[in-house]
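Protein chains in written order, with full-length UniProt numbering: chain Z, 1 to 345; chain A, 1 to 345. Positions of the beta carbon are idealized from the N, C-alpha and C atoms, including for glycine. This one's a predicted model, so the numbers in the text were calculated from it and none came from an experiment. Please read the structure below before turning to the comments.
2 protein chains.
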Amino acid sequence: MKKHQTTIFDIARELNISKSTVSRALTNHPNVNEHTKKLVLELAEKMDYQRNMLAISLITSKSNTIGIMVPEFRSSYFPKVVVAAQEEAALNGYHIIVSQSNESYETEVANTKVMLASQVDGLIVSITKETLNFDHLKVFQRKGIPIVFFNRVCEEMIVPKVIVNDYEGAFKAVEHLILTGKKRIAHLTGPSSLSISKKRLNGYLDALKKHDIPVDDELIISYDLSINKVNIYVKHLLSLKNPPDAIFAINDPTAIQAIQVIKQHQLKIPEDIAIIGFSDDYASALIEPSLSTMSQPIEEIGKSAIQMLVEQINRDVENWKATTKILETELIIRNSTVKNHIAKY
Amino acid sequence: MKKHQTTIFDIARELNISKSTVSRALTNHPNVNEHTKKLVLELAEKMDYQRNMLAISLITSKSNTIGIMVPEFRSSYFPKVVVAAQEEAALNGYHIIVSQSNESYETEVANTKVMLASQVDGLIVSITKETLNFDHLKVFQRKGIPIVFFNRVCEEMIVPKVIVNDYEGAFKAVEHLILTGKKRIAHLTGPSSLSISKKRLNGYLDALKKHDIPVDDELIISYDLSINKVNIYVKHLLSLKNPPDAIFAINDPTAIQAIQVIKQHQLKIPEDIAIIGFSDDYASALIEPSLSTMSQPIEEIGKSAIQMLVEQINRDVENWKATTKILETELIIRNSTVKNHIAKY
DNA sequence: CTGTTAGCGCCTTCAT
DNA sequence: ATGAAGGCGCTAACAG
Numbered sequence: 001m002k003k004h005q006t007t008i009f010d011i012a013r014e015l016n017i018s019k020s021t022v023s024r025a026l027t028n029h030p031n032v033n034e035h036t037k038k039l040v041l042e043l044a045e046k047m048d049y050q051r052n053m054l055a056i057s058l059i060t061s062k063s064n065t066i067g068i069m070v071p072e073f074r075s076s077y078f079p080k081v082v083v084a085a086q087e088e089a090a091l092n093g094y095h096i097i098v099s100q101s102n103e104s105y106e107t108e109v110a111n112t113k114v115m116l117a118s119q120v121d122g123l124i125v126s127i128t129k130e131t132l133n134f135d136h137l138k139v140f141q142r143k144g145i146p147i148v149f150f151n152r153v154c155e156e157m158i159v160p161k162v163i164v165n166d167y168e169g170a171f172k173a174v175e176h177l178i179l180t181g182k183k184r185i186a187h188l189t190g191p192s193s194l195s196i197s198k199k200r201l202n203g204y205l206d207a208l209k210k211h212d213i214p215v216d217d218e219l220i221i222s223y224d225l226s227i228n229k230v231n232i233y234v235k236h237l238l239s240l241k242n243p244p245d246a247i248f249a250i251n252d253p254t255a256i257q258a259i260q261v262i263k264q265h266q267l268k269i270p271e272d273i274a275i276i277g278f279s280d281d282y283a284s285a286l287i288e289p290s291l292s293t294m295s296q297p298i299e300e301i302g303k304s305a306i307q308m309l310v311e312q313i314n315r316d317v318e319n320w321k322a323t324t325k326i327l328e329t330e331l332i333i334r335n336s337t338v339k340n341h342i343a344k345y
Numbered sequence: 001m002k003k004h005q006t007t008i009f010d011i012a013r014e015l016n017i018s019k020s021t022v023s024r025a026l027t028n029h030p031n032v033n034e035h036t037k038k039l040v041l042e043l044a045e046k047m048d049y050q051r052n053m054l055a056i057s058l059i060t061s062k063s064n065t066i067g068i069m070v071p072e073f074r075s076s077y078f079p080k081v082v083v084a085a086q087e088e089a090a091l092n093g094y095h096i097i098v099s100q101s102n103e104s105y106e107t108e109v110a111n112t113k114v115m116l117a118s119q120v121d122g123l124i125v126s127i128t129k130e131t132l133n134f135d136h137l138k139v140f141q142r143k144g145i146p147i148v149f150f151n152r153v154c155e156e157m158i159v160p161k162v163i164v165n166d167y168e169g170a171f172k173a174v175e176h177l178i179l180t181g182k183k184r185i186a187h188l189t190g191p192s193s194l195s196i197s198k199k200r201l202n203g204y205l206d207a208l209k210k211h212d213i214p215v216d217d218e219l220i221i222s223y224d225l226s227i228n229k230v231n232i233y234v235k236h237l238l239s240l241k242n243p244p245d246a247i248f249a250i251n252d253p254t255a256i257q258a259i260q261v262i263k264q265h266q267l268k269i270p271e272d273i274a275i276i277g278f279s280d281d282y283a284s285a286l287i288e289p290s291l292s293t294m295s296q297p298i299e300e301i302g303k304s305a306i307q308m309l310v311e312q313i314n315r316d317v318e319n320w321k322a323t324t325k326i327l328e329t330e331l332i333i334r335n336s337t338v339k340n341h342i343a344k345y
């Protein structure tokens with residue numbers, strides 16, 4: 001299978017001029033006769049000539065490619081970030097290659113190798129829930145390839161990060177539940193290896209503390225974020241002798257699943273039990289009852305991550321800056337916490 | 001900004017042997033001393049050596065990259081296909097670069113150039129609603145770079161295609177409405193330039209014909225798929241002296257939007273007006289009322305497209321096969337057409 | 001303004 | 001089993 005590729009050589013031969021002249025004409029170099037330039041451009045067009053970026057990348061050791069590594073694509077969160085990142089990258093002259101690791105550390109490490117071999121100019125990553133060792137990512141730093149973390153960040157690496165104020169968001173979410181009169185608030189959280197779990201848990205705890213509500217460990221369930229386990233835990237919560245009157249879920253898919261379970265149990269939402277999620281998933285406004293949630297500026301996250309990465313790429317290694325950009329969340333009140341609330345959405 | 005990249009030369013010098021030997025050791029070439037091979041591999045590991053795929057691609061003129069061009073990322077349909085394609089591509093040793101054209105023909109053409117410059121080994125594409133001229137895609141055929149279409153295909157190009165049975169699906173959807181007793185069935189369809197619009201429209205027409213229901217042109221509205229226009233058209237339909245008692249929407253986002261409008265008008269779904277969509281979007285099972293729809297095997301579509309493309313890539317140009325793979329749709333009955341229906345989902 | 005040369009990192013003959 | 005040389009497509013010096 002040989003692709004036919006038109007090269008500079010082809011058009012140089014056709015025009016009986018040197019390759020360098022053709023190259024210059026093609027790259028808008030100043031020192032080239034207008035006439036020959038026109039000739040070259042026309043012939044190039046006619047022969048479907050397209051510069052081989054591979055060759056150029058080899059010379060400049062710049063692939064104009066940014067790698068994005070995400071842990072999963074099941075929720076709408078990561079796809080949305082990737083889409084936003086793709087658009088921003090395109091504006092900056094980069095294209096992206098995406099790898100998702102299915103929440104597997106092994107796969108993440110393997111994908112890392114692919115990224116290196118592909119000569120990415122930079123990397124945007126959100127780690128898997130299993131990732132505890134970061135050697136595979138530190139390689140990039142050593143090689144002078146910038147990394148920007150988002151959402152699920154690595155705290156021990158001093159690199160730029162884009163996150164939302166998880167603590168504050170969780171605090172506001174739980175306080176909202178408290179202000180609607182709820183007193184026994186359960187929390188479904190993720191594995192403690194993820195910083196977002198820890199921060200949101202802290203927000204939850206501090207909101208309770210502020211309002212003098214005792215913490216009941218029975219109501220705090222940490223799980224591995226695999227969605228089908230939500231059924232088990234929610235059922236368990238409902239079966240307690242002293243069941244919760246509200247649930248703060250670490251993310252919207254969890255909350256949505258919880259709603260399904262609660263509906264099956266014929267309980268009224270939000271009267272019997274209120275629910276609030278995190279991230280404002282696509283479906284959250286549409287389900288019945290609609291889900292209250294803390295919205296994240298997802299497009300902004302993808303966009304910022306790319307911008308910060310591009311800045312690093314254009315900077316000398318010695319001048320890398322490890323700023324952390326913290327974006328704010330917003331409380332979206334819907335019917336899962338306030339009956340008949342007119343959501344603006 | 002200089003990335004430090006370990007090269008074969010570096011490790012050859014370190015070991016004081018020739019570059020070719022190092023290369024052979026690295027590529028599992030038979031003719032190489034076990035001992036030196038071991039030495040090389042160890043040092044390579046130690047020095048974080050990673051083969052530069054750019055250089056290899058340049059030599060082999062194979063980038064191991066597949067391009068995917070889609071018209072939009074707003075609905076969940078294309079992201080899902082891309083995710084499925086990405087996974088299948090990874091299994092076959094390819095990575096993908098994605099471009100989305102925001103339904104703009106201009107952007108599609110521009111993206112095409114990027115794909116060429118990136119030396120993709122093959123292309124998977126679903127065209128924009130504006131695309132009427134296909135010269136930019138025919139270039140690939142001429143260059144011996146295989147293309148596979150999916151969903152929105154180009155009928156005049158003889159290349160592999162992956163589609164669903166749109167005619168049949170539309171027919172079944174409309175027949176379902178008829179069987180629930182509906183008689184004035186409206187159809188919100190897309191621009192006639194898209195083959196899916198035409199095929200689904202034909203399915204609609206033939207279902208009516210089979211059941212001796214007269215076609216009323218007033219009830220057939222073709223629009224440009226921009227979601228905010230749905231409001232206008234649905235309001236228009238509801239305001240007719242003889243309004244429809246059902247709507248068959250060309251896709252789920254359209255149907256979901258229609259439901260919102262109808263709810264605002266205090267009409268009962270499905271009693272006053274039933275709705276059915278197409279594609280089984282993520283949100284369709286979750287909204288109130290849940291949306292009946294024709295589901296498509298989306299993962300299968302992405303997977304098949306990659307498989308067919310990889311086959312073409314591995315084939316000589318003369319042996320390209322232009323098979324069209326037609327996948328079946330499935331009627332998912334939910335509450336927007338049948339009250340209190342227990343959906344299996 | 002144009003042509004020549006060298007080389008990006010790697011693999012592949014062709015020698016030894 | 002190893003080394004040397006050539007070239008993938010292109011750009012960037014260096015000469016005219």
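Here the alpha carbons of S99 of chain A and L137 of chain A stand approximately 14 Å from one another. CA-CA distance, A322 of chain Z to V164 of chain Z, rounds to 16 Å. Listed by position along chain A, the residues whose Cβ is nearer than 9 Å to that of E271 of chain Z form an empty set, because the closest Cβ is around 17 Å away. In the assembly as shown, D217 of chain A is an exposed residue. Its beta-carbon has fewer than 16 other beta-carbons within 10 Å. A Cβ-Cβ distance of about 23 Å is found for the pair L58 of chain Z and V40 of chain Z, leaving them out of contact under the 8 Å criterion. In this chain, the beta strand (DSSP E) harbouring E330 of chain A covers E330 to I332. Ranked by how close their Cα comes to the Cα of Q86 of chain A, the residues Z:I96, Z:E88 and Z:K235 have Z:I96 in first place. For E130 of chain A, the CB contacts under 7 Å within the same chain, skipping 5 residues up- and downstream, are E103, S104 and Y105 in chain order. Assignment of H176 of chain Z by DSSP, reduced to helix, strand and coil, places it in the helix class.
With distances taken between CA atoms, R334 of chain A lies nearest to A:M294 out of A:A305, A:E318 and A:M294. Each of A:N319, A:N31, A:L205 and A:Q296 was checked against the Cα of E330 of chain A, and the nearest Cα belongs to A:Q296. Residue-level contact by beta carbon fails for D245 of chain A and chain Z, as no gap is shorter than 8 Å. Judged by DSSP secondary structure, M115 of chain A falls within the alpha helix (DSSP H) whose first and last residues are Y105 to A117. At least one CB atom of chain A sits nearer than 8 Å to the CB of E288 of chain Z.
Legend: CB atoms of the UniProt domain "HTH lacI-type" (6 to 60) of chain Z lying less than 7 Å from CB atoms of chain A belong to residues D48, Q50, R51, N52, M53, L54, A55, S57 and L58. Chain A places no beta carbon closer than 8 Å to that of K210 of chain Z, leaving this residue out of the contacts. Chain Z has a Cβ within less than 8 Å of the Cβ of P79 of chain A. When secondary structure is reduced to three states using DSSP, I213 of chain Z falls in the coil class, being assigned neither helix nor strand. The straight-line gap separating the alpha-carbon atoms of K113 of chain A and S222 of chain Z is approximately 49 Å.
The three-state reading of DSSP puts I127 of chain Z in coil, since its state is none of H, G, I, E or B.
Counting only Cβ-Cβ distances below 9 Å, A258 of chain Z has no contacts in chain A at all, with the closest Cβ about 13 Å away.
DSSP places I287 of chain A within a strand segment (E or B) once states are collapsed to three. Contact annotation: the region 160 to 176 of chain Z touches the region 195 to 202 of chain Z, with at least three C-beta pairs closer than 8 Å. Within chain A, the residues placing a beta-carbon under 9 Å from that of V139 of chain Z are D48 and Q50, ordered along the chain. DSSP, read as helix, strand or coil, puts M157 of chain Z in coil. Each of A:N228, A:V148 and A:K182 was checked against the Cα of L208 of chain A, and the nearest Cα belongs to A:K182. For K321 of chain Z, the three-state secondary structure derived from DSSP is coil. According to the DSSP secondary-structure assignment, V164 of chain Z is paired through a beta bridge with Z:L327. Straight-line measurement puts the Cα of A186 of chain Z at about 49 Å from the Cα of L123 of chain A. Distance between S192 of chain Z and Y167 of chain Z, taken at the CA atoms: about 14 Å. I276 of chain A places its beta carbon less than 8 Å from that of A255 of chain A. When the alpha-carbon of D121 of chain A is set against those of A:K339, A:N314, A:V338 and A:E328, the nearest one is in A:N314.
For S63 of chain A, the closest Cβ of chain Z is nearer than 8 Å. Straight-line spacing of the CA atoms in K37 of chain A and I56 of chain A works out to 20 Å.
By the C-beta density criterion, D316 of chain A is exposed, having fewer than 16 other C-beta atoms within 10 angstroms. For K113 of chain A, the chain Z residues whose Cβ falls inside 7 Å of its Cβ are Q50, in order along the chain.
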